[in-house]
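Numbering (the working numbering), first residue to last: 1 to 364.
No residue lacks a Cβ here, since even glycine has one placed at the ideal position from N, Cα and C.
Report on the structure given below.
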């Protein structure tokens, strides 16, 4: 179901060791890269070009940018990262895994001093790495590799829809999942909620705020009498007959849903809580912990403060660890992770410089 964005000019993959590789070119990944690049860190973003919100017409709930098409937002983001010397590479990660510590590049600031066009390129001048300072090898699907001191995983997630014929083809338009992302645009429309589990009950209450015409299709899920009473109080109609397909309108869009008894319930919008699974492909070698979401709603990467993980040197940000985060929250998480990575790199740089100083003093 992922939608690929239009191709764009890709940068050349740098040689040597870079300060950070960001896996994922969405809001979280680009904002994390922006923070790092502005701190004069050599950073490479690996972008597969399949952002979660690619099917949407616009990004909403993002102050100052409400309604901006996702493709435009990410294009602007890529250019901002490049403005500060960051590198954007179009490609997919085949593997990422820890590598043995190697020579630590000197401060990337020195490599760009006096030459803004040089960006934050990795340096070949070497100083010893601080004890325990990690390294990672990232291999792309085309076989190219690069080495990084730190990784930011911002791969996002994959929405898995219920297996209802006709549902997937309308994803992002007539079929929506987030009342905050799409709610205003579907206000006052006849909306149907396709239940997938306990979370769908609250889903229905949120969409009821947006329309007076709401039908809740239980699809075999349990709905107790107390909840049915609460729905009735809000004029939410409940249909227990199984849904067998989504009916396409003659002019495109959705006409309604067909039930097992042949009846068609007219609806122009369907809301469904998807199964949300973090994109983990190619990252198995990192050994990142993964945890289940409540109510069986999917899986995510486990992360702590600022997106730090149990694997030293690896951070996670955005929907890969916070599935309900909208674009603004994902971008903020990326910024926080980027700042945290830079802060710890500064400590590692100082530790390495101190080791050199002590080594020189001993030699004398």
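Practice item. Using only alpha-carbon positions, find the residue among 265, 235 and 240 that is nearest to residue 249. Key: Here the question's residue 249 lines up with position 249 in the chain shown. Nearest of 265, 235 and 240 to residue 249, Cα basis: 265.
Review point. Grouping DSSP H, G and I as helix and E and B as strand, with all else coil, what is residue 350?
Key: Stepping through the chain shown from its first residue, residue 350 is reached at position 350. Looking at residue 350 - three-state DSSP - the assignment turns out to be helix.
Check your understanding: Alpha carbon to alpha carbon, how far is residue 316 from residue 24?
Key -> Against the chain shown, residue 316 aligns to sequence position 316. Against the chain shown, residue 24 aligns to sequence position 24. Roughly 10 Å separates the two Cα atoms.
Check your understanding: By how many angstroms is the C-alpha of residue 268 removed from the C-alpha of residue 187?
Key -> Reading the chain shown from its first residue, position 187 is the one you call residue 187. Reading the chain shown from its first residue, position 268 is the one you call residue 268. Roughly 11 Å between the two C-alpha positions.
Exercise for review: Determine, using beta carbons only, whether residue 164 and residue 192 come nearer to each other than 7 Å.
Suggested key: As a position in the chain shown, residue 164 is number 164, starting the count at 1. As a position in the chain shown, residue 192 is number 192, starting the count at 1. No, they are not a contact pair.
Check your understanding: How would you label residue 184, buried or exposed, when you count the other beta carbons within 10 angstroms and need 16 or more for buried?
Key -> Mapped onto the chain shown, residue 184 falls at position 184. Flag for residue 184 reads exposed.
Review point. Grouping DSSP H, G and I as helix and E and B as strand, with all else coil, what is residue 95?
Key: What you label residue 95 is simply residue 95 of the chain shown in a count that begins at 1. If DSSP states are grouped into helix, strand and coil, residue 95 belongs with the strands.
Exercise for review: Have a look at 326, 304, 356 and 359 and flag the residue whose alpha-carbon is nearest the alpha-carbon of residue 337.
Suggested key: For the purposes of this step, residue 337 is identified with residue 337 of the chain shown, where counting begins at 1. Nearest C-alpha to residue 337: 304.
Check your understanding: Nearest-angstrom Cα distance between residue 134 and residue 145?
Key -> The residue given as residue 134 occupies position 134 in the chain shown. The residue given as residue 145 occupies position 145 in the chain shown. Distance between the alpha carbons of residue 134 and residue 145 is about 17 Å.
**Study point:** Among 54, 300 and 175, the one whose alpha carbon lies nearest that of residue 281
**Key:** The residue you call residue 281 lines up with position 281 of the chain shown. The option with the nearest alpha carbon to residue 281 is 300.
Practice item. Put residue 17 into one of helix, strand or coil per three-state DSSP. Key: Position 17 of the chain shown holds residue 17. Reduced to three states, the DSSP call for residue 17 is strand.
**Study point:** Residue ranges of each beta strand (DSSP E) within the region 210 to 253, 3 or longer
**Key:** 214 to 217, 236 to 239 and 243 to 248
Review point. With distances taken between CB atoms, is the gap from residue 413 to residue 272 smaller than 7 Å?
Key: In the structure displayed, the chain extends from 1 to 364; residue 413 sits before or after that span and is not available.
**Study point:** Nearest-angstrom Cα separation, counted from residue 180 out to residue 68
**Key:** For this step, residue 68 is matched to residue 68 along the chain shown. For this step, residue 180 is matched to residue 180 along the chain shown. Rounded to the nearest angstrom, the two C-alpha atoms are 15 Å apart.
Review point. Are there three or more Cβ pairs, one per stretch, closer than 8 Å when the region 34 to 44 is compared with the region 56 to 66?
Key: Output reads no: the region 56 to 66 does not touch the region 34 to 44.
Review point. Do you know whose CA, among 174, 78 and 235, lies nearest residue 251's CA?
Key: Residue numbering aside, residue 251 sits at position 251 when the chain shown is read from its first letter. Considering only alpha carbons, the answer is 174.
Exercise for review: Please list, in chain order, all residues of the same chain as residue 149 whose beta carbon is under 6 Å from its beta carbon, the five residues on each side excluded.
Suggested key: Counted from its first residue, the chain shown places residue 149 at position 149. Cβ neighbours of residue 149 beyond the five flanking positions: 19.
Practice item. Return the first residue and the last residue of the beta strand (DSSP E) that residue 48 is part of. Key: Looking up residue 48 in the chain shown gives position 48. Here residue 48 belongs to no beta strand (DSSP E), and DSSP marks it neither H nor E.
**Study point:** Option in 350, 331 and 355 with minimal Cα separation from residue 34
**Key:** If you number the chain shown from 1, residue 34 lands on position 34. It is 331.
Practice item. Starting from the N-terminal side, write out each stretch of the beta strand (DSSP E) that is 3 residues or longer and does not extend beyond the region 253 to 285. Key: 254 to 259, 264 to 266, 269 to 272 and 275 to 278
Check your understanding: Alpha carbon to alpha carbon, how far is residue 360 from residue 353?
Key -> Here residue 360 refers to the residue found at position 360 when the chain shown is read from its first residue. Here residue 353 refers to the residue found at position 353 when the chain shown is read from its first residue. Between residue 360 and residue 353, the C-alpha separation is close to 11 Å.
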